[in-house]
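Participant: Questions regarding the structure given below will be posed in turn.
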Amino acid sequence: MADTNVGANLKAKSLELKKWFMDLDAKLEQWKFSVEDTKEGMRVELHAVALIKHPKEKKKGE
0 MADTNVGANL KAKSLELKKW FMDLDAKLEQ WKFSVEDTKE GMRVELHAVA
50 LIKHPKEKKK GE
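Shown next as structure tokens:
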């Protein structure tokens, strides 16, 4: 795994997750994603709060 850029891969996956929420028409209330290299290793922070509404039920006769 030394030859892969873990930070770039994580960023790409986080963008996929954010797009998935948007595809659901979710209200993304909070979003934070960061990758930080430290002397101990890589620190990853991901925080998401999204409201995904229940689908509207069809009324009888529609």
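Quick note on numbering: numbering that gives the first Met the number 0 labels position 48 of the sequence shown as 47, and the sequence is numbered without any gaps. No residue lacks a Cβ here, since even glycine has one placed at the ideal position from N, Cα and C.
(1) Can you give me the C-alpha to C-alpha distance between Lys-31 and Lys-59, rounded to a whole angstrom?
(2) Taking the straight line between their C-alpha atoms, what separation do you get for Lys-26 and Lys-38?
(3) Considering Lys-12, what are the terminal residues of the alpha helix (DSSP H) in which it resides?
(4) Using CA atoms only, rank isn't needed, just tell me which of Lys-17, Gly-40 and Gln-29 is closest to Val-5.
(5) Using 10 angstroms around the beta-carbon of Leu-50, count the other beta-carbons present and answer buried if the total reaches 16, otherwise exposed.
Facilitator: Reading from the atomic positions:
(1) 42 Å
(2) 37 Å
(3) 5-22
(4) Gly-40
(5) Exposed: under 16 other Cβ atoms inside 10 Å.
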